[in-house]
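Here the structure is laid out as structure tokens; the discussion comes afterwards.
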Amino acid sequence: MEMTSLADLLDLQAIDLQIDRLLEQRQSLPELAAYKTAHDEQKRNEGERDQVAAELRQLELELDKAEGELGILEAKLEEHETRLFAGGMSGRETEHMRLEVQSLKGQREAMEEKVLGMLERIDPVRERLSGFEDEIARISGAKSELESSIKGQWKVIDGELARKEEQKLDALVPIDADMLELYDKLRVIKEGVAVAEYDHGVCGGCHMALSPAEEEEAFSTDLPRCVHCRRILVR
Ligand SMILES: [Zn+2]
2 MEMTSLADLL DLQAIDLQID RLLEQRQSLP ELAAYKTAHD EQKRNEGERD QVAAELRQLE
62 LELDKAEGEL GILEAKLEEH ETRLFAGGMS GRETEHMRLE VQSLKGQREA MEEKVLGMLE
122 RIDPVRERLS GFEDEIARIS GAKSELESSI KGQWKVIDGE LARKEEQKLD ALVPIDADML
182 ELYDKLRVIK EGVAVAEYDH GVCGGCHMAL SPAEEEEAFS TDLPRCVHCR RILVR
């Protein structure tokens, strides 16, 4: 009667070990590690992208301002030139206006160079930004592919797990509560192996031999345990 119960425990353990393996497999898919790497990479790129975007916004504001100033200079210049062309001013006024136009032209040239310089600085920043955007999009695509691969594999594993859990319910039926408690405790501290087959004087759990005297002592109780590893022995 007792032996039957211990053998049942071995059956339960076989199922539990299969469940352990499936759970381990579920959490150690190479795609999961790749997904994490891609996710970190994406975050890093997004951080750098945001910095470059802020830099670009600042440069564009400055460019807007310079272009605005250039526009004002051009309008002023046009107005002055129109007045010069229209004539009707005194000699002094004309000379004053002419000098003003000359000065405005100088300012316009300086401002045009400033704007050109800014455009030259902005272009590489825009390129860097679009480089980050491309990289983020690429990583995002890779993540989606990994995600669907993970989901697909998890679906298969979860189906298998559900079948094993169902088998486990049947395997639990003949096992009494105290035995199950000991079994669960031993599984936690013995790398999932609470019950070991005793074969030709050797414990299947720790693979150590028991002397004939140790064997006799172990199997003289209702609950034979390995003298070395304390696992439950079944022969
Ligand atoms: Zn042992």
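Those letters in the sequence shown? Residues 2 to 236, by my numbering.
Ideal placement from N, C-alpha and C gives every residue a C-beta, glycine not left out.
Going straight from the alpha carbon of residue i to that of residue j, what length do you get?
{"i": "Lys115", "j": "Gly48", "result": "30 Å"}
{"i": "Leu105", "j": "Phe133", "result": "41 Å"}
{"i": "Ala34", "j": "Arg139", "result": "18 Å"}
{"i": "Glu198", "j": "Cys204", "result": "6 Å"}
{"i": "Ala8", "j": "Trp155", "result": "32 Å"}
{"i": "Asp65", "j": "Glu82", "result": "25 Å"}
{"i": "Met2", "j": "Glu215", "result": "In this prediction, Met2 has a pLDDT of 43, which is less than 50 and means its spatial position is unreliable; nothing more can be read from the coordinates."}
{"i": "Met4", "j": "Val235", "result": "Interpretation of Met4 is limited by its pLDDT of 49, a score under 50 that renders its predicted location unreliable; no figure is taken from the coordinates."}
{"i": "Cys207", "j": "Lys165", "result": "26 Å"}
{"i": "Leu23", "j": "Leu173", "result": "19 Å"}
{"i": "Glu25", "j": "Asp200", "result": "29 Å"}
{"i": "Arg45", "j": "Pro125", "result": "20 Å"}
Since residue i contacts residue j with CB under 8 Å, what's their CB separation in whole angstroms?
{"i": "Gly202", "j": "Ala210", "result": "5 Å"}
{"i": "Glu61", "j": "Ile123", "result": "7 Å"}
{"i": "Leu130", "j": "Leu18", "result": "About 53 Å separates the two Cβ atoms, so there is no contact after all."}
{"i": "Ile190", "j": "Leu10", "result": "Wrong, their Cβ atoms sit about 16 Å apart, outside the cutoff."}
{"i": "Ala15", "j": "Lys144", "result": "38 Å between Cβ atoms; not a contact."}
{"i": "Met98", "j": "Arg109", "result": "That belief does not hold up - the Cβ atoms of Met98 and Arg109 are roughly 16 Å apart, past 8 Å."}
Would you mind reading off the limits of the alpha helix (DSSP H) that contains residue i?
{"i": "Asp200", "result": "It is not in any alpha helix (DSSP H) - Asp200 instead sits in the beta strand (DSSP E) that spans Val196 to Asp200."}
{"i": "Leu170", "result": "Gly92 to Leu173"}
{"i": "Asp41", "result": "Pro31 to Ala87"}
{"i": "Met180", "result": "Ala178 to Ile190"}
{"i": "Ala219", "result": "Pro213 to Ala219"}
Between residue i and the rest of its own chain, which residues show a CB-CB distance below 8 Å, the 5 nearest in sequence each way excluded?
{"i": "Asp21", "result": "Gly193"}
{"i": "Val228", "result": "Leu211, Glu215, Glu218 and Ala219"}
Near residue i, what residues of its chain come up, given a Cβ to Cβ distance below 6 Å and the 5 sequence neighbours on each side ignored?
{"i": "Leu147", "result": "Glu32, Ala35 and Tyr36"}
Between which two residues does the beta strand (DSSP E) containing residue i stretch?
{"i": "Val1", "result": "Outside the displayed range of the chain (2 to 236) lies residue 1, so it cannot be described from this structure."}
Ignore the nearest five residues each way along the sequence and tell me which others in residue i's own chain have a CB closer than 7 Å to its CB.
{"i": "Glu63", "result": "Met119"}
{"i": "Arg231", "result": "none"}
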